[in-house]
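Visitor: Sending over a structure as structure tokens; questions will come in a sec.
2 protein chains.
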Amino acid sequence: MALIVQKYGGTSVGSVERIQHVARKVAGFRAEGHAVVVVVSAMSGETNRLIGLAQAISETPVPREMDVLVSTGEQVTIALLAMALHEIGVPARSYTGGQVRIHTDSAFMKARIEAIDDAAIRTDLDAGTVVIVAGFQGMDGDGNITTLGRGGSDTTAVALAAALTADECQIYTDVDGVYTTDPRVVPTARRLPKITFEEMLEMASLGSKVLQIRSVEFAGKYNVPLRVLSSFEDGPGTLITTEELDTMEQPIISGIAFSRDEAKLTLLGVPDVPGVAARILAPVGAKNIEIDMIVQNVGLDQTTDFTFTVHRNDAKAARAVLDEIRGALGARDVISDDKICKVSVVGVGMRSHAGVASQMFQALADEGINIQMISTSEIKISVVVDEKYLELAVRALHTAFALAEDHVNADA
Amino acid sequence: MALIVQKYGGTSVGSVERIQHVARKVAGFRAEGHAVVVVVSAMSGETNRLIGLAQAISETPVPREMDVLVSTGEQVTIALLAMALHEIGVPARSYTGGQVRIHTDSAFMKARIEAIDDAAIRTDLDAGTVVIVAGFQGMDGDGNITTLGRGGSDTTAVALAAALTADECQIYTDVDGVYTTDPRVVPTARRLPKITFEEMLEMASLGSKVLQIRSVEFAGKYNVPLRVLSSFEDGPGTLITTEELDTMEQPIISGIAFSRDEAKLTLLGVPDVPGVAARILAPVGAKNIEIDMIVQNVGLDQTTDFTFTVHRNDAKAARAVLDEIRGALGARDVISDDKICKVSVVGVGMRSHAGVASQMFQALADEGINIQMISTSEIKISVVVDEKYLELAVRALHTAFALAEDHVNADA
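Chains as they are written, first to last, in my numbering: chain A, 1 to 412; chain B, 1001 to 1412.
This is how it looks when you write it as structure tokens:
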């Protein structure tokens, strides 16, 4: 008998029929003797409907009231799921974030969980009652309703699992696990039975949007075993864990991540003097533009070229900043390009294997793909290439690192 | 400068445009220097949508979860109205029932308010902030969400007005006041500038569904001046007050109420012995059927005929009870008739005027309308007649008591 926290996303609870399906799944786990806490999102489409109402009233709705508004989405789902469980004879009790109590700070629309009072939940679980918690929401010290930001239901689930020291936190979604890369790009992409938190973080932040990054960080920090599964098909999903596999079993590369949402900006001929990087990036950061990759070449003539990438939506704003500061910096020119993409190989195995970079660059060179930027971390190598090469690059790397072949890392 | 509690019903907040209209109205009152508390219902249609979701899952949804579900309707409205006020530069703050705190008992779906903590609201009002409260909901001692039953937003408004000792509680609706009778039946029906609580109770319970009965009782008990107004047109509405008008000004009859929702049941030839009424009504009450009028004639031959009315929806169930107990009672026969209606004249003036009853009966006789049952109270005389006479009877009485003529009781 285990204590399991399960999270079902908006698609999984998108209709009355799907809520009833979730109720039957939950009832099955309880029948096996498990104590179950269920975290649910709003029914798919509901959050957007509510945001639409707000935007019809104000372009910039008051954040406090946005949270009062959108938190109703999850509240509807918890009530319906509790009813569906009662209907099949399973005792269940719903909790809003405030009722749990999930204490957060007062940063409306992007609050952070500070503490969870698990007393009421434990009493219910001890009595054999299924506990249903509204994801994505909490309450601040003054009793105001807060939300954790979009997709924050994953974070709620992980935080509850940590507070209850649950045996496993299961994230049910519309995919059946984490793949070596996007199967729409590479049809032979393979589901990974296991992945480490570090790898998952790199995969998620690079566009494999299976889990919210914050929930993965949280799970890693509190050592909560996290499993991604499909709510529509049975299967073991992907377990995200702190334990690294034996070197023998360890694949060098776990997956290929990619992102189309990048734009590249370059300041040409910047005087190569100390402090110049800060003088470029500070005004960009001041506009709330997040910077991803940064590359600065060694200069030849006491000047250097300084290149960085931002989210494509921020490209215009970043360009405007550079145009403004170019004169003061004494830079020769500004160029920007949003027809680029980022492709990365990720794997804890590369720590103990030399030569991953050269193998990657060779695979791209064999396809005639020119690399515009390179950035590396301990478990990841990213390159920026022309966006027209995205699919070609991902497929070439998937093949080069033999990710389709399921000869290692099989399900237990 | 006054403290005003305003309540806007579902039709008044039925769309984004209407919510913006309400915001402008509220802003106008605040600009005049008034402190304003606004109570709102769910947007029209929303509560039915939510109930529909619940009924798709269960024929008898768990009451606790029903309240979690339907309370989201008002929560959406408070957030949107707060946003709309901010948008036109008016500071506003929304409160769910639980946030206020409106303490109730734990009777889910029909909870009663036990206490209101007005501390937070008073702080906001003192700071010039408009306070927006979700109607129809509260929280019990264990932190469970409760609702006051359908239409309970009126009760929330009156309870808040009582707790805050507000100068006036204004109920905005889609009619511009309380009328002498339904204008759809009598086109010359006249808006009453004033009406007493007692009269309003009789008018409301008899089918003039402008206000919830419980809210009127509550307002009367705590002496809260209550005003019914239109949210779409400007006008003074109808003030419901404890103060009776001078005898000189007092009309004998304030209005004609009616109900089509009645059915009549008669047990013929019941032995005329003590206790027989209880033996008939106890099993009817045991089926949760509410009994309205009761008439028992004096018997001639040691038997009597016992007649009562129930809501038309309960007629079949009541008939079944009578058929079952008839033998044991020794009654001769059971007859039932749901083609009846109830018409009543209401007015505190009849206390000091004799002859109202005879005037009423004569007016009906002049039209050839046969009276089947009569029931009286201090400020009301009700008759049951064939339902085909309903309009004729209401018009005849409206004329007989000169209700269309606005020679008394004019607006101040």
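C-beta: ideal position from N, C-alpha, C; glycine also.
(1) DSSP has residue 1093 of chain B in a bridge; who is on the other side?
(2) Pick from A:260, A:159, A:18: whose alpha carbon is nearest that of residue 226 of chain A?
(3) Hey, is residue 1044 of chain B's beta-carbon within less than 7 Å of any beta-carbon in chain A?
(4) For residue 319 of chain A, does the three-state DSSP call read helix, strand or coil?
(5) Shortest alpha-carbon distance to residue 1218 of chain B belongs to which of B:1272, B:1177, B:1152?
(6) For residue 385 of chain A, does the count of other Cβ atoms within 10 angstroms reach 16, so buried, or fall short, so exposed?
(7) Taking only beta carbons into account, state which residues of the stretch 1143-1177 of chain B come closer than 7 Å to chain A, listed in chain order.
(8) Here's a check: name, in chain order, each residue in its chain whose Cβ is nearer than 7 Å to the Cβ of residue 1287 of chain B, leaving out the five neighbours to either side.
(9) If I follow the unbroken alpha helix (DSSP H) through residue 302 of chain A, where does it start and stop?
(10) Hey, is residue 1274 of chain B's beta-carbon within less than 7 Å of any beta-carbon in chain A?
(11) Starting from the N-terminal side, write out each stretch of the beta strand (DSSP E) that is 3 residues or longer and does not extend beyond the stretch 184-243 of chain A.
(12) Should residue 57 of chain A be flagged as near chain B, meaning a C-beta pair shorter than 7 Å?
(13) With H, G and I counted as helix, E and B as strand and the rest as coil, what does DSSP make of residue 1366 of chain B?
(14) Exposed or buried, which one is residue 410 of chain A when buried takes at least 16 other CB atoms within 10 Å?
(15) Which of the three DSSP states, helix, strand or coil, is assigned to residue 1410 of chain B?
(16) Check the Cβ of residue 1087 of chain B against every Cβ in chain A and list those closer than 7 Å, keeping chain order.
(17) Within 7 Å of any Cβ in chain A, is that where the Cβ of residue 1062 of chain B sits?
(18) Just the C-alpha distance for residue 326 of chain A and residue 80 of chain A, rounded to the nearest angstrom, thanks.
(19) Is the CB of residue 1065 of chain B under 7 Å away from at least one CB in chain A?
(20) Count the other CB atoms, across all protein chains shown, that sit within 10 Å of the CB of residue 1196 of chain B; report buried if there are 16 or more and exposed otherwise.
(21) Go ahead and pull the three-state DSSP assignment for residue 1098 of chain B.
(22) When Cβ atoms are compared, which residues of the stretch 16-37 of chain A fall closer than 8 Å to chain B?
(23) Which class does residue 265 of chain A belong to by DSSP, given the choice of helix, strand or coil?
(24) Our contact map puts residue 387 of chain A next to residue 339 of chain A with C-beta atoms below 8 Å; I'd like the distance itself, whole angstroms only.
(25) What are the partner residues of residue 1139 of chain B, as DSSP defines its beta bridges?
(26) Rounding to the nearest angstrom, what Cα-Cα distance links residue 19 of chain A and residue 1052 of chain B in this structure?
(27) Is there at least one Cβ from chain A nearer than 7 Å to residue 1139 of chain B's Cβ?
(28) Would you call the stretch 95-104 of chain A and the stretch 120-138 of chain A touching, i.e. three or more CB-CB distances under 8 Å?
(29) Where does residue 403 of chain A sit, in a helix, a strand or coil, going by DSSP?
(30) Listed in chain order, which residues of the stretch 1077-1109 of chain B have Cβ atoms closer than 7 Å to some Cβ of chain A?
(31) Do you know how far the Cα of residue 347 of chain A is from the Cα of residue 251 of chain A?
(32) If you reduce the DSSP assignment to three classes, tell me which class residue 1017 of chain B lands in.
(33) Starting from residue 83 of chain A and walking both ways along the alpha helix (DSSP H), at which residues does that stretch end?
(34) If you follow the beta strand (DSSP E) that residue 1052 of chain B is in, where does it begin and where does it stop?
(35) For the candidate residues A:124, A:8, A:404, A:345, whose alpha-carbon lies nearest to that of residue 230 of chain A?
(36) How is residue 1271 of chain B classed by DSSP in three states: helix, strand or coil?
Guide: So, to answer that:
(1) B:1131
(2) A:159
(3) no
(4) helix
(5) B:1152
(6) buried
(7) 1143
(8) 1317, 1321
(9) Taken as a continuous stretch (DSSP letters only), residue 302 of chain A belongs to no alpha helix (DSSP H), as it is neither H nor E.
(10) no
(11) 194-196, 226-230, 238-241
(12) yes
(13) helix
(14) Here the model assigns residue 410 of chain A a pLDDT of 44, short of 50, so the residue's position is not dependable, and the following value carries that caveat. Label assigned to residue 410 of chain A: exposed.
(15) Because residue 1410 of chain B sits at a pLDDT of 44, beneath the cut-off of 50, its placement in the model cannot be relied upon, and the point is left open.
(16) 57, 58
(17) yes
(18) 58 Å
(19) yes
(20) buried
(21) helix
(22) 16, 19, 20
(23) strand
(24) 5 Å
(25) B:1103, B:1145
(26) 14 Å
(27) no
(28) yes
(29) coil
(30) 1078, 1079, 1080, 1082, 1083, 1084, 1086, 1087, 1094, 1099
(31) 8 Å
(32) helix
(33) 63-87
(34) Note, residue 1052 of chain B: premise wrong, no beta strand (DSSP E); alpha helix (DSSP H) at 1046-1057.
(35) A:8
(36) strand
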